[in-house]
Each structure stands twice: as C-alpha cells, then as structure tokens.
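Chains as they are written, first to last, in this note's numbering: chain R, 1 to 208; chain W, 1 to 199.
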C-alpha cells in the first residue's frame, strides 16, 4: 500500500509572474528552485496531507483530488499533474510498509519548519511544535526528536536507525523508539499531518 | 524600536529552539534545548533567558549590570550567540552561519504587492519590502551567509558574467545582516551553524 506527499519548500506564490504573466509558485527542491504554474501548484499544495488525517491511512491521489477540487482544479487534471510532479521530484510515492516504505525513506529526508516548544509539567509525555510560541501539533517524545534531528542524517532510513540506536543506548523500553522500522512507520503515519501544518517539509535525501 | 543600521554591531541567537524538558515528576532538568549544527545544547535558566532575549531586535543582553555579560560570553563560546561587526570583520562569522526557514514563503503582499510575506497560509508573520525579501530568500538558498552576500551581488548585476568583488560582497553583507533581527523576532527563520550531518 502506498500514498504520496509533496516534496520541497514553498518559497512564494506570485500573481502575473514577470516570466510569462501567469500566476505561479516557486518551490525550493534541494539545491534548485522549481517554478510551478498555478494549477500544478494547487495540486502540489493538495499533496501535503491534512491536519486531521488519521495516521493509519496514507494520503492518496483520491485525497489530493478531493482537496484540489476545493481550489477548482478539475478531477481530470489531477492525474497528469501528479505524474509531472512525480517526474520532477516534487511528489514522492510514500510506501506505508516493507520495501516501499524503506525505498521512500532512503530517497528523502525531512526539514523542520516549526519551533520546538518542548513539554509541560502537566503533560510531560506530550511535546509540541508551533510558531511564534503558539502550539500547533502535539507528538510523543520519539516523534518529536525525529522531527527535530532527522536532517542530521542524509535520509530518513539512516535517521531512524541512528535515533533508534540512541534510544536503545539510553535504555528506553518502548519498541516504537528502539526499533528503527517501527519508528519509521510512526513517522510515515504522521507525515500527512506534519506536512499539512508546515511543521516539516520533505526534501530529497542529502539536502543540507 | 528602530531597525538596526548597517553600522550597528549585532548579537544574534544561533540554533533551532527545541523547548524545555520536564520529567514525569514535574521537575525541569533542562530549561531550554537548542540544536545547533549537528549537536544539541542544553541551556540553564539564566542562559535560556539571555538566548531568548537576544531574539528581540535592539536588545543587547549582557550589556547591563549583573551576570549577563558572563552568560553572553559563555553562550558565544558555545556558538549559541554570534556577534557580527559590520564590514570586513563580519565575513569570517558569516561563513560559519547559515539561514534556515521557519514556516513558508507566502509570496507577494504589502502595499502594491511589492513586498515578500512569510509565515503560515492563515497567519502571515513577516512582511519584508522588495529587496529585503529577495535578500532573505537568497540567504535561504545559500550554504552560508557570506555565500548569500556573494550570490545576492551576482543576482543584481546587470551583466550575467559579473564576478562579485570582495568589497561588493562585504557591502551587500552589511545590507543583509540588519534584516536578520526582524526575521528571527518574527519566528520566520533561525541561524544555524554550518556543519556536516552525522551518518
């Protein structure tokens, strides 16, 4: 089973781009800048997931189609747009298990885009990310650490292996923390929420 | 509070804020964690107070009476604060720092649509007029702040083959650095140490 998610950081959206007078958006993808015409951008934006999406289900082309329809993108245009975004590396196939998940993790990393707000004495097992001091999403400790530190490694596979190793060395008992594959599974399940809230963005592996 | 001028020396926080850590018994062994490059730093209450205060434009933590100066010196030694003196002296420090975004770029905005807006789709946090917005965007694409200054000169040159001189890039760096306090205060970016990832 697999889903898909947008890759890259949104640099800006512009009306009447001087390049050709059309509305367009610019996305930073690794070391290069990609220009997206308006409809392609709307599909890329819809490929970020949703804040209330369940971790048990991947973000699929059908979800993208439904979300893009709110921006008046015709359903028939979504498939060709996703194909082009995939060719340009702006959308990733996200396997939710086994070899598909591992392949996604080897090809991508994530970059945090929110401030870590830590935990509170009232809820010491819950950690928050937010903007300008305002919490936006709450995560268990190990996912919080993964969001903060994953980009120290070249890709998500290496990151989960490294972080699970740290957790095991620290004597943590939870297998969700010490088993790299389970940690990756938790992360992949959370990505449609994290990407939609701009807590992280996905990037090609080895993005610094 | 007036924006810093190119002639002002800046004391800026470095690192990605990761918040406090409370134990399950309610104690707080770490006042503030900060990731900087490939390492993580744990700050005491006094250190966290100074590091957070350094995010406020115009603040000069450690310039008054008390232990502030000691704390500033300790944070500078750990790379958590960077002092940037305008002119040639800033180059070495700028080579060791890079800009990273928080939130996303929202595109054009402000009067006449000539500014660049940053933040979240439903929550714009920062409006940078014309060239200031372009300079911040250049910072985000560059591997360090000095490279951003060089790249920014090249972008503005009428001649595509123009090779920026050191003097031109230093002058550009003097225009770029005063943007940073506003961006950091708005929570739309942070400075990071130039470092190699682990693994």
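Think of the CB as a built atom: it goes at the ideal place given N, C-alpha and C, for glycine as much as any other residue.
Quick check for students: name the residue ranges of the alpha helix (DSSP H) that lie wholly in the segment 133-199 of chain W, counting only runs of 4 or more.
For the segment 133-199 of chain W, the continuous alpha helix (DSSP H) assignments of 4+ residues that do not extend past its boundaries occur at 145-156, 166-176, 180-186, in sequence order.
By the 8 Å beta-carbon criterion, what residues does the segment 8-23 of chain R contribute toward chain W?
Listed by position along the chain: 9, 10, 11, 12, 13, 14, 15.
Got a sec? Which residues, its chain only, sit under 7 Å from residue 1(W) by beta carbon, not counting five neighbours each side?
Residue confidence is low: residue 1(W) scores 46 on pLDDT, short of 50, so the model does not pin down where it sits. No coordinate-derived value is stated.
Classify residue 26(W): buried if its beta carbon has 16 or more other beta carbons within 10 angstroms, exposed otherwise.
That one is exposed.
Closest by CA to residue 50(R), which one among 98(R), 205(R), 6(R), 29(R)?
Minimum Cα distance to residue 50(R) is reached at 6(R).
Can you list the beta strand (DSSP E) stretches of 3 or more residues lying completely in the segment 29-96 of chain R, in chain order?
Within the segment 29-96 of chain R, the complete beta strand (DSSP E) runs of at least 3 residues are 32-37, 91-95.
If we cut at 7 Å on Cβ distances, does residue 115(R) have a partner in chain W?
Among the CB atoms of chain W, one or more fall inside 7 Å of the CB of residue 115(R).
Rounded straight-line distance, which links the Cα of residue 115(R) to that of residue 148(R):
Each residue's Cα considered, the two are about 9 Å apart.
Could you confirm whether any beta carbon from chain R is found closer than 7 Å to the beta carbon of residue 126(W)?
False, the Cβ-Cβ gap to chain R never drops below 7 Å.
To which residues does DSSP link residue 115(W) through a beta bridge?
Looking at the DSSP assignment, residue 115(W) forms a beta bridge with 109(W), 129(W).
Quick check: residue 24(R) and residue 17(R), are their CB atoms within less than 7 Å of each other?
Yes. Within cutoff.
Are the Cβ atoms of residue 152(W) and residue 135(W) separated by less than 7 Å?
Taking 7 Å as the cut-off, the Cβ atoms of residue 152(W) and residue 135(W) count as close.
Going by DSSP in three states, residue 95(W) sits in which element: helix, strand or coil?
When secondary structure is reduced to three states using DSSP, residue 95(W) falls in the helix class.
According to a CB-to-CB cut-off of less than 8 Å, which residues of the segment 125-137 of chain R neighbour chain W?
Residues 125, 127, 128, 131, 132, 133.
Which residues DSSP lists as bridging residue 116(R), in chain order:
Answer by DSSP bridge pairing, in chain order: 129(R).
Mark residue 172(W) as exposed unless 16 or more other C-beta atoms lie within 10 angstroms of its C-beta, in which case mark it buried.
Label assigned to residue 172(W): buried.
As assigned by DSSP and simplified to three states, the class of residue 12(W)
In this structure, DSSP gives residue 12(W) an extended state, which the three-state scheme calls strand.
Can you find the residues in the same chain that come closer than 8 Å, C-beta to C-beta, to residue 199(W), ignoring five residues on each side of it along the sequence?
With a pLDDT of 47 at residue 199(W), under the threshold of 50, the predicted position of this residue should be treated as unreliable, though the coordinate-derived value follows. Closer than 8 Å at Cβ, skipping near neighbours: no residue.
Report the residue from 139(R), 112(R), 101(R) whose alpha carbon sits nearest the alpha carbon of residue 201(R).
For residue 201(R), the nearest C-alpha among the options comes from 112(R).
Since residue 90(W) and residue 177(W) are thought to touch, with beta carbons under 8 Å apart, how far apart are those beta carbons, to the nearest angstrom?
So it is a contact: roughly 6 Å between Cβ atoms.
Residues, ordered as in the chain, of the segment 67-99 of chain W that lie near chain R by beta-carbon distance below 8 Å:
The residues in question: there are none.
Per DSSP, what kind of secondary structure is residue 106(R) in: helix, strand or coil?
Three-state result, residue 106(R): helix.
Check for me: the alpha helix (DSSP H) holding residue 192(R) runs from which residue to which?
180-196 is the extent of the alpha helix (DSSP H) around residue 192(R).
Measure how close the beta-carbons of residue 100(W) and residue 192(W) come, nearest whole angstrom, since I'm counting them as under 8 Å.
In this structure, residue 100(W) and residue 192(W) form a Cβ contact; the two beta carbons are roughly 5 Å apart against a cut-off of 8 Å.
Report yes or no: is there a C-beta of chain W within less than 7 Å of the C-beta of residue 168(R)?
For residue 168(R), the answer is no, since every Cβ of chain W falls outside 7 Å of its Cβ.
Pick from 26(R), 158(R), 171(R), 41(R): whose alpha carbon is nearest that of residue 110(R)?
Nearest option by C-alpha distance: 158(R).
Could you work out which residues of chain R lie near residue 104(W), taking near to mean beta carbons separated by less than 9 Å?
Going along chain R in sequence order, the residues near residue 104(W) (Cβ under 9 Å) are 9, 10, 11, 12, 113, 198, 201.
Are residue 42(W) and residue 30(W) close, meaning C-beta to C-beta below 7 Å?
Yes, they are a contact pair.
Taking only beta-carbon positions, decide if residue 1(W) is within less than 7 Å of chain R.
Note that residue 1(W) has pLDDT 46, beneath the 50 cutoff, so the model's placement of it is unreliable and the number below is only indicative. Not one chain R Cβ lies under 7 Å of residue 1(W).
With a threshold of 16 other CB atoms inside 10 Å of the CB of residue 34(R), please say whether the residue is buried or exposed.
It counts as buried.
Mark residue 114(W) as exposed unless 16 or more other C-beta atoms lie within 10 angstroms of its C-beta, in which case mark it buried.
Answer is exposed; the Cβ neighbour count stays below 16.
Restricting to Cα atoms, I'd like to know which of 205(R), 192(R), 52(R), 20(R) is closest to residue 37(R).
Selection 205(R), 192(R), 52(R), 20(R) evaluated against residue 37(R) yields 20(R) as nearest (Cα-Cα).
Name, going along the chain, the residues of the segment 13-25 of chain W whose beta-carbon falls closer than 9 Å to a beta-carbon of chain R.
Result list: 16, 17, 18, 19, 20, 21, 22, 23, 24, 25.
What are the residues of the segment 159-186 of chain W that lie near chain R, defined by any Cβ-Cβ distance shorter than 9 Å?
With the criterion set as a beta carbon lying under 9 Å from some beta carbon of chain R, the members of the segment 159-186 of chain W are 186, in sequence order.
Verify whether the separation of the beta carbon atoms of residue 44(R) and residue 4(R) is less than 7 Å.
Not closer than 7 Å, so no.
Unbroken beta strand (DSSP E) run spanning residue 144(R), endpoints:
The continuous stretches of beta strand (DSSP E) do not include residue 144(R), which lies in the alpha helix (DSSP H) extending over residues 141-149.
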